[in-house]
Amino acid sequence: QEKKIFSVQGPYPVIRSLLRARGWVERKLPGAGRAWPPCPPGEEEEEEEQWDEDPDGIHELMSCLVRDQVPYFIWTNRRGAVNCQLLRQDQVVNHYSRVGAFTTKEGLCLNLRNLPWFDQADPDTFFPRCYRLGAVDERQAFIEDFRLTAARSLLKMALERAEDVPVGTEQPLKCSEVAQKVPRSHVPDPMPSTAGPGPPLPPELVEEALQVCEQHLGSLGHQDIDGDPPSPHMTATGWDRFLRDCYRVAHEGARLALSRAQQERCRALLQHLARRLPQLGMEGDRNVWILKPGAKSRGRGIVCAAQLEEVLRLARGCMAPSARAGEWVVQKYVERLLLIFGTKFDVRQWFLVTDWNPLTIWFYRESYLRFCSQPFSLHRLDPARHLCNVSIQKQCGPARGRHPRLPPDQAWSCRQLQAYLAQVGRADAWHTVMVPGMKVAVVGALRSVQDLVGSRKGSFELYGADFVFGEDCQPWLLEINASPTMAPSSTVTSRLCASVQRDTLRVVIDRRDDPTCPTGAFELIYKE
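The numbering used here numbers the first residue of the sequence shown as 29 and each following residue consecutively.
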């Protein structure tokens, strides 16, 4: 009569325990007690953990008494396990349909472009630009973006290396003066010892980069519509030669001959571009991109590359003839990262959607960091340095000479991050820059797909968004996971995963009967 019958697929000992403490009884789903089928290709991230929850068999006996009853609360880590269309109106389930519009890399890449139609937020301020390589027009757009980024990177390196101008040329700017305009990474990342500077490249290379960037700036300002016709683009052969020279500068340390006049043009041009391109600051100067399978999780299949030919070759190798168009995406890698003791980290940030119409979003005030096991380096693009996923890092051994303050289990809480930021003179960054930026990104991502997701009254869903942060502490959204893992992999996640499950039930169960009840660490950040 009280409709306190629930069903859970998977172990979820915390959910089971909390519901039983509320007087609920579990009705076993079909297939309980045997292995569940493997998760179909998609956006789920959950990894199950075995747990003996009923050593005395009491709950098993009670479950037998309700085996023919309807469960009114359903929690499953497999989206296809429950057909939402067949549920009764008074049944609550922890999934919505068609959320692949934002929980797959392909869906997020495609749909965030529509955000300006729904919101004043600019996705370029929080989501690194991204392309579906299986779509012909997007593949070509990526190639053009890669070339333009290479030209901008060359100008940045030219300014940073202005002190390398050979004797006999015009006097270079002081190194400190250059650094004020184009800040260097705060963690040294020296060129591998095998690289040799070689002879300086001709000044025409910088001139070509300046012309490419000036033309791009003109197109951004729509000068190519009303003004003089733009100069012809380089031919494919010309671009190939230009990129080869850029690789020599970025990867082999080749020297650039740069005049004082070119230095002034570089500086002015980069300043103008920075006002037009929100991602110029995080780009860095090595033009690294990251290739991702469009609908996988836990870091599977992800590769970093810094040469156009390598990205296209990897994409061809990854895409089987039967692969659907756009399944693989390539995204600009955030090179100017906020690091902790020279090591990359990301933040797993939970949020909860309790309605899509009106869109209602709850943001969790607690989150956790995942560290890489090796020091960050843009000269070494292996997963141990660049992919923070737990499933990737547990396969990597700890680095020699690893900083003693880095956690051995590769995890921190957001409160530990705040303490670190205070120690380095950025005490206010978490509350004034990082959290507000993450909220903007979450709301923007959901608003861009609101008309695509299957809305159902009585459903809810918990998601896990992954963020990295630039040197300026601005957050960059990498992906959003459905069914974020609740299997604890560290002391921090053991505590926080239990807390977020507890507080989720407070919002979706307790609050129905008492709208004033505490919601734990969940904060309502958006309701239409």
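From the three backbone atoms N, C-alpha and C, an ideal C-beta is built for every residue, glycine too. Note that this is a predicted model, so its numbers are computed, not measured.
Who are residue i's beta bridge partners in DSSP?
i	result
Asp313	DSSP lists no partner for Asp313.
Phe550	Tyr392
Gln359	Cys158, Ile318
Leu365	Gly498
Val381	Ile389, Glu489
Phe130	Answer by DSSP bridge pairing: none, since Phe130 is not bridged.
Glu54	Phe34
Val375	Leu397, Phe495
Leu284	Leu229
Lys555	Thr388
Over what stretch of residues does the beta strand (DSSP E) that includes residue i continue unbroken?
i	result
Tyr159	158-160
Val331	331-333
Roughly how far, in whole angstroms, is the beta-carbon of residue i from the beta-carbon of residue j, given that I think they are within contact range, below 8 Å?
i	j	result
Leu229	Arg276	7 Å
Leu474	Ala493	Not really, about 10 Å apart at Cβ, beyond 8 Å.
Ala427	Pro403	6 Å
Gly370	His431	7 Å
Gln37	Thr132	With a Cβ gap of about 21 Å, Gln37 and Thr132 do not count as contacting.
Tyr396	Ser441	6 Å
Val358	Val339	6 Å
Leu183	Leu238	7 Å
Gln444	Trp458	Not a contact, Cβ separation roughly 11 Å.
His123	Glu489	6 Å
Ala343	Leu319	6 Å
Pro386	Glu236	Actually they do not touch by this definition, with Cβ atoms about 53 Å apart.
Ser401	Val121	About 38 Å separates the two Cβ atoms, so there is no contact after all.
Leu176	His244	6 Å
Glu394	Ala549	5 Å
Ser178	Cys274	Just to set this straight, residue 178 is Ala in the shown sequence, not Ser. At roughly 5 Å, the Cβ-Cβ gap stays under 8 Å, so Ala178 and Cys274 are in contact.
Cys416	Arg398	4 Å
Ala186	Leu284	5 Å
Determine the extent of the alpha helix (DSSP H) in which residue i is found, giving its start and end residues.
i	result
Arg277	What sits at residue 277 in the sequence shown is Val, not Arg. Note, Val277: alpha helix (DSSP H), 264-280.
Val240	231-248
Ser45	41-49
Asp147	No alpha helix (DSSP H) holds Asp147; DSSP gives it neither H nor E.
Thr177	164-188
Between residue i and chain B, is the shortest Cβ-Cβ distance under 8 Å, so that the two count as touching?
i	result
Trp267	No chain B appears in the structure shown, which is made up of a single protein chain.
Tell me whether residue i, by its Cβ, gets closer than 7 Å to a heavy atom of the ligand FAD.
i	result
Gly548	The ligand FAD is not part of the structure shown, which contains no ligands of any sort.
Problem - Continuous alpha helix (DSSP H) assignments of at least 4 residues falling wholly in the stretch 399-461 - result: 411-414, 418-421, 442-451
Problem - Given 8 Å, three or more beta-carbon pairs between the stretch 138-156 and the stretch 372-390 - result: no
Exercise for the section: Write down every uninterrupted run of the beta strand (DSSP E) in the stretch 89-121 whose length is 3 residues or greater and which is fully enclosed by it, in chain order. Expected result: 101-103
Exercise for the section: Evaluate contact between the stretch 536-545 and the stretch 153-165, counting only Cβ atoms and requiring at least three cross-stretch pairs below 8 Å. Expected result: no
Practice task
Pair every Cβ in the stretch 468-487 with every Cβ in the stretch 431-444, then say whether three or more of these pairs are closer than 8 Å.
Solution key: no
Practice task
Taking only runs that begin and end inside the stretch 471-534, name each unbroken beta strand (DSSP E) of 3 or more residues, in chain order.
Solution key: 489-497, 503-510
Practice task
Determine contact between the stretch 462-479 and the stretch 133-140, defined as no fewer than three beta-carbon pairs at a distance below 8 Å.
Solution key: yes
Problem - Touching by the beta-carbon criterion (3+ pairs, under 8 Å), the stretch 50-57 and the stretch 87-106 - result: yes
Practice task
Check whether the stretch 99-106 touches the stretch 459-474, counting contact only when three or more Cβ pairs, one atom from each stretch, lie closer than 8 Å.
Solution key: no
Problem - Three CB pairs or more closer than 8 Å across the stretch 361-371 and the stretch 301-312 - result: yes
Practice task
Examine the Cβ distances between the stretch 496-504 and the stretch 126-133 and report whether three or more of them are shorter than 8 Å.
Solution key: no
Practice task
Evaluate the contact criterion for the stretch 378-398 versus the stretch 525-532: three or more CB pairs, one atom per stretch, below 8 Å.
Solution key: yes
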